[in-house]
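Written below as structure tokens is the structure these notes are about.
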Amino acid sequence: MQLHSTVLRPVYLSLALAACLLSGSGCGGGERVVSVSGTVTHNGQPVPGLVISFVPEAASETGVSSGETDESGKYSLKVAKTGSGGAVVGKHKVWVSLPREAPSGDKGDKPNKPKAKAAATSSAVPTELAAVLKKYGSLEKTPLSIEVKGGEPIDLKLD
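Per our numbering, the very first residue in the sequence shown carries number 419; after that it's consecutive.
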């Protein structure tokens, strides 16, 4: 009996190693995620406080990437599923939205205004922001399609 288990041990180890290698090379294993950042403008002016979402047009294990513009309109994407920086290489539909309102600490307080609404009332014309949201604010209606290749900034002109 001792000889039988000694002879079969390398066979079992080889099968286990093969199973590990095959399970690690699933559908999402070939997707390449690259850093994506840039600046969002409307009529030549930076647009602060918008959430930018890149949705892959092809089926993807990686999924959607998004980021929020800062006061100078700059954004940097993160993969929603993993939190890692970037987006999967390939064609994406791009749409924009306002950030979600942060819940308030007290029940009697009004919820905080989203940053984009605060920015719109202080520095940008609200009708311009509304026009941006009307044109680019829905995945189904946005005309914006971008090819993510890797490395280069992707500036978005929402005119």
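Quick reminder that beta carbons are idealized off the backbone N, C-alpha and C, glycines included.
Keep in mind the model is a prediction, meaning the values are calculated, not measured.
Could you pull the start and end residues of the beta strand (DSSP E) that isoleucine 572 belongs to? Segment: none, isoleucine 572 is in no beta strand (DSSP E) and carries neither H nor E.
Are the stretch 462-474 and the stretch 505-517 touching by the rule of at least three beta carbon pairs closer than 8 Å? yes
What residue range does the beta strand (DSSP E) around lysine 492 cover? 492-494
DSSP three-state label for glycine 456, please. strand
If you measure from the CB of glutamine 463, is any heavy atom of the ligand ATP nearer than 6 Å? Among the components of this structure there are no ligands whatsoever, and the ligand ATP is therefore not found.
Considering just the uninterrupted stretch of the beta strand (DSSP E) at lysine 511, what are its terminal residues? 508-515
Spatial distance of leucine 574 from lysine 567 (CA atoms): 15 Å
Hey, out of Leu468, Gly448, Ala548 and Gly503, whose CA is closest to glutamate 489's CA? Leu468
Of all the options Gly569, Leu576 and Lys552, which has the alpha carbon lying nearest to the alpha carbon of serine 563? Leu576
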